[in-house]
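Working notes, structure below.
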Amino acid sequence: MSERSSHSTYATVKFLKERVESHQGISLQQLTGHLSLLPPELRTTDGCSVKSLMVFLQKFPEVFDEDNLYVARENRQGTSPVNVSAESVASASDGAASEKDVTCLTGVTGTVYRLFTLYGFISIESPIRTSVYFDVQSLENAQQTSLRSSGLQVGDSVVIDARTGPKDCKAKFRATRVTRATPTRLSSSPVVSPHSANDGGMGDCNTLFHLVNQHGVVEFAKSSYGFIKFGPNERERALFHANNVDKSLRSSIKNLPGMFSVFDKVRFNAKLSMKPSEKVKWEATTVYLCRSTDRSSPVDLGDFNVNEVFMPDDDSDPVDLLRVTLGDLLRATPSGMPVWLR
Numbered sequence: 001m002s003e004r005s006s007h008s009t010y011a012t013v014k015f016l017k018e019r020v021e022s023h024q025g026i027s028l029q030q031l032t033g034h035l036s037l038l039p040p041e042l043r044t045t046d047g048c049s050v051k052s053l054m055v056f057l058q059k060f061p062e063v064f065d066e067d068n069l070y071v072a073r074e075n076r077q078g079t080s081p082v083n084v085s086a087e088s089v090a091s092a093s094d095g096a097a098s099e100k101d102v103t104c105l106t107g108v109t110g111t112v113y114r115l116f117t118l119y120g121f122i123s124i125e126s127p128i129r130t131s132v133y134f135d136v137q138s139l140e141n142a143q144q145t146s147l148r149s150s151g152l153q154v155g156d157s158v159v160i161d162a163r164t165g166p167k168d169c170k171a172k173f174r175a176t177r178v179t180r181a182t183p184t185r186l187s188s189s190p191v192v193s194p195h196s197a198n199d200g201g202m203g204d205c206n207t208l209f210h211l212v213n214q215h216g217v218v219e220f221a222k223s224s225y226g227f228i229k230f231g232p233n234e235r236e237r238a239l240f241h242a243n244n245v246d247k248s249l250r251s252s253i254k255n256l257p258g259m260f261s262v263f264d265k266v267r268f269n270a271k272l273s274m275k276p277s278e279k280v281k282w283e284a285t286t287v288y289l290c291r292s293t294d295r296s297s298p299v300d301l302g303d304f305n306v307n308e309v310f311m312p313d314d315d316s317d318p319v320d321l322l323r324v325t326l327g328d329l330l331r332a333t334p335s336g337m338p339v340w341l342r
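Each step along the sequence shown adds one to the number in the UniProt record's numbering, with nothing skipped, and position 252 is 252.
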C-alpha cells in the first residue's frame, strides 16, 4: 500500500470511528450518508454502498465491531411499514401521543429541515413532535441517486413512514418511505407577498407555500432564465433558470432558447420567491417540457443580468426595474411584449 493510500485509509477510519463513537452506535445505512461529508479523495475506493462499507469496516476489527455498529435489516424497497403492535403505531390521523410509546409512524406529514447529498432530516409536529432521519434510498422507492439533484429542498413538505432507529442517535426515527406531499391549502399562517396586502395580490395562490405538477406555458426564454405563465387566465408568473430544467432532457443546458420556445407547454414545481414582486411571486424548482406548440422566436431581452433585475436589495418592484431597463427595446417589439409588462 502506498504512503498516500495509507494516509487516506487512516483518515477515513478516523472519521468513521468518530462518527460511530459520537452516536454511541450507528446503522450502516446512516454511516453511508455521513461518507458524503468526506472529500472525494478520502472516500473508500470500493464505493459507498452498505455492502462495500461493511467490507471496508471488516478490515479493522480492532476499531469496529457489532457492539458499536447497528445493521438495519428491513426491506429497503418495500413501502409497507414494519410489522409492530397496534399500540406502538402512530399515524397522521392520531391525536397527541407520547414519543416514548411510539415505535412506528405511518402516513405522517413533515417538513425537510436539513438536506445533504445522501441523507437529510425531517421534522414532524403531529402525532408527536420529533425529527426523522432519511436517506436517498428511502425517497420515492430508491428512484433517486442524490437528494440534492432530486428537486427536494429544505422547507418542502413530505409524507413519511418511519420506525425507531438505533438508540442514542440524534434523530429517534428513521424513515422507511418518503414521498413528496401534494400541494395543500394551509388554513393558518398563509404566505402573503409584500404587495398582496395592498392590491389583492395573487388571491388563492397566497395560501400555498409550494406548487407541485403545475402546468403552464413558456412566456419567454433567454439564455439562462425565462418565465412561465400559468393559473386562471394565465395571470401568474414563475421565474425559472437553466439549472431548474429536468436533467433528463439534457445533462447540461447552457442555452434555454435551444430547449424552449414561446408557448411551449411545461409542467413544473415551484416555491414562493424569497423576494416576490406584484407580478412574479413564484420561482420554479424543477421544469419539465410537456410538448411544443407553434414555435415562435423568443423575445430578445438584451444583455443584462437577471439577478440584478429580479433580486434587488431594496423593496422596488423587479418588474418596474425591468420595464425601465428594457422599455425602448420592448416598445420596438410590441407583439412579443409580455402582457404583464405593457
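Here a beta-carbon is modelled for each residue, glycine too, at the ideal position from N, C-alpha and C.
Is it a yes or a no for the segment 175-182 touching the segment 30-37, going by three-plus beta-carbon pairs under 8 Å? no
Residue(s) in a DSSP beta bridge with R139: As a position in the sequence shown, residue 139 is number 139, starting the count at 1. According to the sequence as given, residue 139 is Leu; it is not Arg. Per DSSP, V178.
Going residue by residue through the segment 215-282, where are the continuous beta strand (DSSP E) segments of at least 3 residues, counting only ones entirely within it? 225-230, 236-241 and 265-272
Helix or strand or just coil, what does DSSP make of A171? As a first step, residue 171 is located in the sequence shown; it is residue number 171 there, counting from the start. In this structure, A171 counts as coil in the three-state DSSP scheme.
State the DSSP-derived secondary structure class of V50, mapped to helix, strand or coil. As a working note, residue 50 is residue 50 in the sequence shown. Three-state DSSP puts V50 in a helix.
Less than 8 Å between the CB atoms is what I'm expecting for V136 and G110, so what's the real figure, rounded? Here the question's residue 136 lines up with position 136 in the sequence shown. Here the question's residue 110 lines up with position 110 in the sequence shown. With 8 Å as the limit, V136 and G110 do not qualify as a contact, their Cβ atoms being about 17 Å apart.
Quick check on this structure: which residue in F260, S6, K222 and P276 has the alpha carbon closest to the alpha carbon of V287? Within the sequence shown, the letter at position 287 stands for residue 287. Residue F260 is the option with its Cα nearest to V287.
If L256 and A242 are in contact, beta carbons under 8 Å, what's the gap, nearest whole angstrom? For the purposes of this step, residue 256 is taken as residue 256 along the sequence shown, with counting starting at 1. For the purposes of this step, residue 242 is taken as residue 242 along the sequence shown, with counting starting at 1. With 8 Å as the limit, L256 and A242 qualify as a contact, their Cβ atoms being about 6 Å apart.
Unbroken beta strand (DSSP E) run spanning G120, endpoints: Position 120 of the sequence shown, counted from the first residue, corresponds to residue 120. It spans Y119 to I124 - the beta strand (DSSP E) in which G120 sits, taken as one unbroken run.
Burial state of P232, where buried means 16 or more other Cβ atoms lie within 10 Å: The sequence position of residue 232 within the sequence shown is 232, counting from 1. Per the 10 Å Cβ criterion, exposed.
What does DSSP give as the partner residue(s) for L211 in the beta ladder? Translated into the one-based positions of the sequence shown, residue 211 becomes position 211. According to DSSP, L211 bridges with A270.
Quick check: the Cα distance between K265 and C290, rounded to an integer number of angstroms? As a working note, residue 265 is residue 265 in the sequence shown. As a working note, residue 290 is residue 290 in the sequence shown. One C-alpha to the other measures close to 5 Å.
Report the residue from K51, Q144 and E236 whose alpha carbon sits nearest the alpha carbon of residue 347. The chain is shown from 1 up to 342; residue 347 falls before or after that span and cannot be answered.
Does the distance from the CB of L118 to the CB of Q153 come in under 8 Å? By 1-based counting over the sequence shown, the position of residue 118 is 118. By 1-based counting over the sequence shown, the position of residue 153 is 153. Their beta carbons are not under 8 Å apart, which means L118 does not touch Q153 by this criterion.
So, are the CB atoms of P55 and K17 less than 8 Å apart? Taking the sequence shown and counting its residues from 1, the one referred to as residue 55 is at position 55. Taking the sequence shown and counting its residues from 1, the one referred to as residue 17 is at position 17. The sequence shown places Val at residue 55, rather than the Pro named in the question. No, these two residues do not count as a Cβ contact at 8 Å.
Close Cβ partners of T9 (< 7 Å) along its chain, the five nearest in sequence each way excluded: One-based indexing of the sequence shown puts residue 9 at position 9. Closer than 7 Å at the Cβ level, and outside the excluded window around T9, lies no residue.
According to DSSP, T109 sits in a beta bridge with which residue or residues? In the sequence shown, counting from the first residue as 1, residue 109 sits at position 109. T109 pairs with V159.
L115 - DSSP class collapsed to helix/strand/coil: Here the question's residue 115 lines up with position 115 in the sequence shown. Of the three classes helix, strand and coil, the one that applies to L115 here is strand, per DSSP.
Taking only the alpha-carbon atoms, compute the straight-line gap between V108 and L139 and give it to the nearest angstrom. Here residue 108 refers to the residue found at position 108 when the sequence shown is read from its first residue. Here residue 139 refers to the residue found at position 139 when the sequence shown is read from its first residue. Cα to Cα, V108 sits roughly 14 Å from L139.
Backbone secondary structure at S131 - three-state DSSP: Along the sequence shown, read from residue 1 onward, the residue named residue 131 stands at position 131. Strand.
Looking at T103: is its Cβ nearer than 8 Å to the Cβ of T176? Residue mapping note: residue 103 aligns to position 103 of the sequence shown, counting from 1. Residue mapping note: residue 176 aligns to position 176 of the sequence shown, counting from 1. No.
Excluding the 5 residues flanking L105 on each side, which residues of the same chain have their C-beta closer than 7 Å to its C-beta? Stepping through the sequence shown from its first residue, residue 105 is reached at position 105. Once the five neighbours on either side are set aside, the close Cβ partners of L105 are A90, I160, D161, A162 and F173.
DSSP beta-bridge partners of V287: The residue you call residue 287 lines up with position 287 of the sequence shown. The partner list for V287 (beta bridge, DSSP) reads V245 and F268.
Per DSSP, the bridge partner or partners of T103: Residue mapping note: residue 103 aligns to position 103 of the sequence shown, counting from 1. DSSP, once it has assigned bridges, lists no residue as partnering T103.
My output table needs one value for residue 349: the three-state DSSP class, helix, strand or coil. The structure shown has nothing for residue 349, since the chain only spans 1 to 342.
D156 versus K271: straight-line alpha-carbon distance, rounded: Numbered from 1 along the sequence shown, position 156 holds the residue referred to as residue 156. Numbered from 1 along the sequence shown, position 271 holds the residue referred to as residue 271. Answer to the nearest angstrom: the Cα atoms are 9 Å apart.
Do R237 and the ligand ADP come close, with the Cβ less than 7 Å from some heavy atom? Absence of the ligand ADP is noted for the structure shown, with no ligands found whatsoever.
What separation, rounded to the nearest whole angstrom, lies between the Cα atoms of S126 and G120? Residue numbering aside, residue 126 sits at position 126 when the sequence shown is read from its first letter. Residue numbering aside, residue 120 sits at position 120 when the sequence shown is read from its first letter. One C-alpha to the other measures close to 19 Å.
Would you say N244 faces chain D, with C-beta separation under 8 Å as the test? The chain inventory of the structure shown lacks chain D, comprising one protein chain alone.
Rounded distance between the beta-carbons of V158 and I128, thought under 8 Å: As a first step, residue 128 must be located in the sequence shown, where it is residue number 128. As a first step, residue 158 must be located in the sequence shown, where it is residue number 158. Between V158 and I128 the Cβ distance is about 16 Å, and since that is not below 8 Å, they are no contact.
Using CA atoms only, rank isn't needed, just tell me which of G216, P166, K14 and F268 is closest to N244. Position 244 of the sequence shown, counted from the start, is the residue given in the question as residue 244. Closest by alpha carbon: F268.
Between the beta-carbon of L28 and the beta-carbon of V13, is there less than 8 Å? Looking up residue 28 in the sequence shown gives position 28. Looking up residue 13 in the sequence shown gives position 13. Taking 8 Å as the Cβ cut-off, L28 and V13 do not qualify as a contacting pair.
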